[in-house]
Amino acid sequence: MTKVTRNAPYSAESKNRPPLAIRRVEAIPVSIPLVKPVLMGGGQEFRRSESLVVRIETTNGLFGWGEASAAPTMTGDTLPGMVEAVEKYLAPRLIGQNALDRALLAHRMSQTLIGNTGAKAACDIALHDLAGKHLGVSVTDLLGGRARERVLALAQLGNAKVEQDIAEAKAKQRQGYGFFKLKVGVKPVEQEIESAYTLRKALGPDALLCADANMGMTVASAHKFVAGAAGAGLLFLEQPFRDNDLANTLALARSSAIPLCADESAQNIESIMDWHRTGAIAGVNLKTIKLGGIVETMRAAIVAHTLGLAVNLASKTGESSIGAAALVHLGYTVPNLDWGININNHYLDTDLVKQPLKQKSGSIECPGGAGLGVEVDEDALRRFRVDKR
Ligand SMILES: [Mg+2]
């Protein structure tokens with residue numbers, strides 16, 4: 143008689159030789175100049191994009207690509223730290239394993255290192271690219287297929303002067319954009335309130351407009367902003383305070399007519415549930431670099447939807463079309479995308495793929511083809527590689 147045993151979580155391993163055995167995991171750090179500086183809350187100014195590209199190869203000669211940006215003030219990941227996380231900790235756990243077992247491998251990576259979600263995300267995205275190529279399907283199809291016909295693309299505005307934001311927003315509006323995210327928490331709050339109204343007037347009543355402070359507001363300036371800008375029709379205000387400042391966020395939510403969105407505070411499913419429970423937030427910004435890849439971002443999106451939270455998907459400023467493609471596949475498949483998607487590869491002086499993802503008529507086409515559906519430009523990768531191997 144066959145003995146019946148219960149399935150333990152994440153225990154399934156084939157006794158046979160894996161059909162898609164991982165042979166090599168390569169970590170490639172790159173630094174790419176941006177076309178123009180980007181200003182963010184808390185006085186941050188970005189001039190270059192630092193990213194980790196991961197290439198995973200299997201014994202049958204297939205390979206997949208993944209990417210995650212370094213984000214010291216978002217995830218705590220630094221570029222050298224990401225390289226070491228992959229080379230010393232994650233790669234040894236992946237080599238010899240079946241690349242098709244993405245859920246199992248995501249779990250193994252989460253058990254190997256606390257945090258380091260960027261490094262995990264780059265590996266997890268590469269595994270999805272690889273699995274899609276092996277099976278001859280897109281990442282969208284791997285994730286269960288399309289949930290929508292188009293994704294609502296946000297254009298991010300973060301210039302030194304409001305006149306530049308308006309000129310850029312009007313140009314984007316002519317290209318078909320209808321959704322804009324204004325970076326705030328940078329200038330004096332009175333100016334930012336005025337900017338919100340000036341932009342609203344320039345874009346008209348139908349444009350969707352939101353603001354992101356990247357933790358850059360003081361308690362006083364945030365209260366002033368939500369009261370002063372209440373008539374500008376902002377869909378939401380993202381992350382006014384530090385990532386762990388739930389008390390002040392909750393107090394702000396209670397007096398604000400503008401719904402609040404958590405980004406730096408929404409690092410994992412547990413924090414999303416905790417912040418939702420208090421009533422401080424109406425939605426979350428989800429990023430693969432925070433959640434640790436595609437598997438965990440999809441899970442977080444399902445949880446957020448179940449809790450009734452709106453979802454905004456976003457890539458880091460300057461993340462190339464490799465990381466952006468992963469996000470777009472998620473955009474087509476997550477249960478809700480009420481607050482749209484922003485990819486930011488257009489900030490790069492040079493993208494890392496031959497045909498960069500393009501935002502068109504306020505949407506982003508889902509990359510076709512197997513896996514991520516992007517072809518990596520290996521010359522560009524060599525040119526911007528910072529360890530010069
Ligand atoms: Mg944000």
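Each step along the sequence shown adds one to the number in our numbering, with nothing skipped, and position 136 is 278. The C-beta atom is built at its ideal place from N, Cα and C for all residues, glycine as well. The structure displayed is predicted, hence computed values, not measured ones.
At a Cβ-Cβ threshold of 8 Å, G434 and N454 do not count as neighbours. Residue nearest to A163 within the set H249, L236 and A338 is L236 (criterion: CA-CA distance).
Under the 10 Å beta carbon count, T259 is surrounded by 16 or more other beta carbons and is classified as buried.
For D493, the shortest separation between its Cβ and any heavy atom of ligand 1 does not lie below 7 Å. Relative to L272, the option among R527, G515 and T360 whose CA is nearest is G515.
Per DSSP, the unbroken alpha helix (DSSP H) holding N390 starts and ends at L388 to S397.
Taking the Cβ of N386 as the reference point, every heavy atom of ligand 1 lies at 7 Å or farther away. Annotated three-state conformation of V172 is strand, per DSSP. Excluding sequence positions up to five before and after L294, its CB lies within less than 6 Å of the CB of F321 and G482, all in the same chain and listed in chain order. I267 is the residue among I267, P222 and M224 whose C-alpha sits nearest the C-alpha of F205. Excluding the 5 residues flanking it on each side, S505 has same chain C-beta neighbours closer than 6 Å at R292, V293 and A295, in chain order. Beyond the five residues adjoining it in sequence on each side, K502 comes within less than 8 Å, by CB distance, of Q317 and G318 in the same chain, given in chain order.
For the 8 Å CB-CB criterion, E209 and S191 do not form a contact.
In its chain, beyond the 5 residues on either side, V172, S173, I174, T492 and L494 have a beta carbon closer than 8 Å to the beta carbon of F526. Ranked by Cα distance from I335, the first of K312, A349, A364 and A248 is A364.
Cβ-Cβ separation between A248 and M224: approximately 17 Å, too far for a contact (criterion under 8 Å). Contiguous beta strand (DSSP E) elements confined to the segment 411-493 occur at 425-428 and 452-456, taking only those with 3 or more residues.
Under the DSSP assignment, I198 falls in the beta strand (DSSP E) whose first and last residues are Q186 to T200. Straight-line measurement puts the Cα of K303 at about 44 Å from the Cα of G274. Distances from the CB of D354 to the heavy atoms of ligand 1 include at least one below 7 Å. The closest heavy atom of ligand 1 lies 7 Å or more from the beta carbon of N484. Using a cutoff of 7 Å, the CB of Q186 does not count as near ligand 1, since none of the ligand's heavy atoms is closer than that. Put simply, the backbone Cα of N427 is about 6 Å away from that of A404. 8 Å or more divides the Cβ of A456 from the Cβ of I411. Annotated three-state conformation of E406 is coil, per DSSP. Listed in chain order, the non-local C-beta contacts of M359 below 8 Å within the same chain comprise G183, V326, G327, V331, F367, P382 and F383, local neighbours out to five positions each way being set aside. Take V180, set aside five residues on each side of it, and the residues of its chain with a beta-carbon closer than 6 Å to its own are F188, G300 and T459, in chain order. Rounded to the nearest angstrom, the gap between the Cα atoms of I485 and D243 is 28 Å. Taking a contact as a CB-CB distance under 8 Å, the pair V361 and N390 counts as one, their CB atoms being some 5 Å apart.
E334 has its CB no nearer than 7 Å to any heavy atom of ligand 1. Boundaries for S503: no alpha helix (DSSP H) harbours it, and the DSSP string shows neither H nor E there.
Counting of Cβ neighbours within 10 angstroms places E438 among the buried residues, the total reaching 16 or more. As a beta-bridge residue in DSSP terms, D354 pairs with K325 and E380. If you draw a 10 Å sphere on the C-beta of K500, you find fewer than 16 other C-beta atoms in it, and that means exposed.
For ligand 1, no non-hydrogen atom lies closer than 7 Å to the CB of D219. Taking H471 as the centre and dropping the five residues before and after it, the same chain places the C-beta of V281 and T282 closer than 6 Å to its C-beta, in chain order.
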